[in-house]
């Protein structure tokens with residue numbers, strides 16, 4: 019059941035990233051603006067640090083939508099190589115032909 023949990027965790031992270039994207043971008047712009055005073059930039063950095071850790075886009079990881087596997091991920095189909103091979107063998111992916119595997 020760990021597979022389902024990891025898929026759900028990634029979905030939760032994705033929602034947090036979308037929710038806080040505008041706020042995070044605004045705070046980053048203030049924090050990196052050289053024309054602002056040092057105090058304003060510092061308070062922006064503190065507010066940025068108080069946001070949920072999982073609201074950062076760098077916390078997202080591509081995972082297979084079927085198995086939850088994080089490695090060998092095909093972006094177009096959103097599945098791992100293992101799931102891709104299985105779906106291809108069953109004829110569930112249009113246009114995919116088993117050549118030699």
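Residue numbers (this note's numbering): 19 to 119.
A virtual CB, placed ideally from N, CA and C, is assigned to each residue, including glycine.
Discussion item. Please tell me whether residue 88 and residue 81 are closer than 9 Å, where the distance is taken between their beta carbons.
Written reply: In the chain shown, residue 88 corresponds to position 70, counting from 1. In the chain shown, residue 81 corresponds to position 63, counting from 1. Yes, these two residues count as a Cβ contact at 9 Å.
Worksheet item: Helix or strand or just coil, what does DSSP make of residue 73?
Response: The residue you call residue 73 lines up with position 55 of the chain shown. Three-state DSSP puts residue 73 in a helix.
Discussion item. Measuring alpha carbon to alpha carbon, tell me which residue in 65, 114, 27 is nearest residue 42.
Written reply: Within the chain shown, numbered from 1, the residue matching residue 42 stands at position 24. The residue with the shortest Cα to Cα distance from residue 42 is 65.
Worksheet entry | Sequence ranges, alpha helix (DSSP H) only - wholly within the region 64-119, length at least 4 | 99-107
Practice prompt. Within the same chain, show all residues whose beta-carbon is closer than 7 Å to that of residue 58, passing over the 5 residues directly before and after it, in chain order.
Written response: For the purposes of this step, residue 58 is taken as residue 40 along the chain shown, with counting starting at 1. The answer, listed in chain order, is 48.
Worksheet item: DSSP on residue 52, reduced to helix/strand/coil?
Response: Residue 52 sits at position 34 when you count from the first residue of the chain shown. Coil.
Fill in: Contacting residues, own chain, Cβ-Cβ under 7 Å from residue 187 (five flanking each side not counted)
The question about residue 187 has no answer here: the residues shown for the chain are numbered 19 through 119.
Worksheet item: Of the residues 84, 51, 39, which one's Cα is nearest the Cα of residue 74?
Response: Looking up residue 74 in the chain shown gives position 56. Minimum Cα distance to residue 74 is reached at 39.
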